[in-house]
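Numbering (the working numbering), first residue to last: 7 to 322. Even for Gly, the Cβ is constructed at its ideal location relative to N, Cα and C. Structure first, then comments.
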Amino acid sequence: MTSCLRIVPLLLIGAVAGLSGCNKSAGLSLADPSLEKVNAYIECYNGVEQPIHEGFQTYTSWMKDPEAGPTGKEAQPRSPGKVLSHRVEYCGQPLTDALAKTPALQMDGPARDYQQAFQALNTLVERADGYFTREDYRRDGGEGMRSQHAPLMQAYADFFKASEAMDVALEKNENDRRAAQLKQIEESEGRSLAYYHLRLLGDGKLLATAFQDDAPDVAALRVQLADYQALVTEIQNGGVGKDDPMWGHVQRSADKLVRTAGRGVERLEQHKPITAEALAAERKASGSWLTTDPEGAQSTILAAYNDLVTTSNRMR
């Protein structure tokens, strides 16, 4: 079992509603009763997805064979680490309350499965974290490590399965809503700040995820990058958002994404690695102790997009 750290947090729906000032954009109407539900799902997903994947990587990194599990003789066993309590809460009562609200949505099922899988996993993660934090393995011959491993790995597998389904459901919802919002905003307001904000996020996500393929199409990436750069330039040259003090932060995040994606294209053109696996192999072969990925690596492109989303979510 492997965990793919391809974490792209989702934009909270309604995050750009305030950008239109007094203009009421039909595409961003907060009267939609499903908004609160979907935002609860997004907050849960954004809150726990990355720490769970990172914890899995940490937990399995010190084992010779994670499938077989620890022998109890490892020199430096490591805990998966606990998910911060406020993140755990996102997937607790707020999500339960959201699931009970109307209208019923197609993603209710995946959201319910995700909540259950996370809570079951988190119980075992917290138990394991206590075991490793207390260093119980130094006094029980590693028996606790061995007995906890199989249930913990099964819980991780169940969570990753639920995570994939949740990701698909949220992705479809996000894409459908964004397309409808863009159409309605342009018809009612023209190419306003809200319109460009959605474009920056939607097109930026397509650009960032295009680099995550096993064999990215360099020619297609060049075109995609040029189109996104043109969008960013159009926004800046048109003075969009010049009266909004927060917009400058979004603009800088978009600039960073363009720069980082540009470095990614350069690395691919020069036949340099951008994947985590290839970079790790390169470091191992060269004996390098560097642990930070170079700008243009898949991880840095995702980080740049994630920063754009985080900045945008602050504008709610």
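Quiz item: What three-state label does DSSP hand Met159 in the structure shown?
Solution: helix
Quiz item: Residues in its own chain within less than 8 Å of Gly78 by CB, not counting five upstream and five downstream?
Solution: Tyr143, Gly147, Gly148, Glu149, Met151 and Arg152
Practice problem: Can you say whether Asn243 is buried or exposed, counting buried as having 16 or more other CB atoms within 10 angstroms of its CB? | Solution: Exposed is the call here.
Quiz item: Beta carbon of Val246, beta carbon of Ala260: below 8 Å?
Solution: no
Quiz item: So, do the region 182-201 and the region 107-125 have three or more beta carbon pairs nearer to each other than 8 Å?
Solution: The answer is no - the region 107-125 does not touch the region 182-201, with fewer than three Cβ pairs under 8 Å.
Quiz prompt | Range of the contiguous alpha helix (DSSP H) that encloses Thr297 | solution = From DSSP, Thr297 is part of no alpha helix (DSSP H); its letter is neither H nor E.
Quiz item: Who are the near neighbours of Met172 in its chain, counting only those whose CB is closer than 7 Å to its CB and skipping five residues on each side?
Solution: Tyr51, Pro116, Ala117 and Tyr120
Quiz prompt | 6 Å Cβ shell around Phe217 - same chain, five flanking residues per side excluded | solution = Closer than 6 Å at the Cβ level, and outside the excluded window around Phe217, lie Gly270, Gln304 and Ile307.
Practice problem: With distances taken Cα to Cα, identify the nearest neighbour of Arg93 among Glu193, Arg84 and Glu49. | Solution: Glu49
Practice problem: Within 10 angstroms of the Cβ of Lys189, are there 16 or more other Cβ atoms? Answer buried if so, exposed if not. | Solution: exposed
Exercise. Taking only runs that begin and end inside the region 234-308, name each unbroken alpha helix (DSSP H) of 4 or more residues, in chain order.
Key: 253-275 and 282-292
Quiz item: What separation, rounded to the nearest whole angstrom, lies between the Cα atoms of Ala309 and Leu231?
Solution: 16 Å
Quiz item: Nearest-angstrom Cα distance between Ser318 and Tyr202?
Solution: 12 Å
Self-check item: Closest by C-alpha distance to Val44, when choosing among Ala286, Leu101, Val256 and Lys88
Solution: Leu101
Quiz item: Does the distance from the CB of Glu80 to the CB of Trp68 come in under 8 Å?
Solution: yes
Self-check item: Chain-order list of residues whose beta-carbon lies under 8 Å from that of Gly75 (same chain, five-residue window excluded)
Solution: Met69, Met151, Arg152, His155, Ala156 and Met159
Quiz item: When the Cα of Ile58 is compared with those of Gln82, Leu105, Ser169 and Gly98, which residue comes out closest?
Solution: Ranking Gln82, Leu105, Ser169 and Gly98 by Cα distance to Ile58 puts Ser169 first.
Quiz item: By DSSP, does Ala126 sit in helix, in strand, or in coil?
Solution: helix
Quiz prompt | Contacting residues, own chain, Cβ-Cβ under 6 Å from Gln253 (five flanking each side not counted) | solution = Before going on, a small fix: residue 253 reads as Trp here, not Gln. Cβ neighbours of Trp253 beyond the five flanking positions: Gly247.
Quiz prompt | Gln63 versus Val89: straight-line alpha-carbon distance, rounded | solution = 14 Å
Exercise. Have a look at Asp220 and Leu105 and give me their C-alpha separation to the nearest angstrom.
Key: 36 Å
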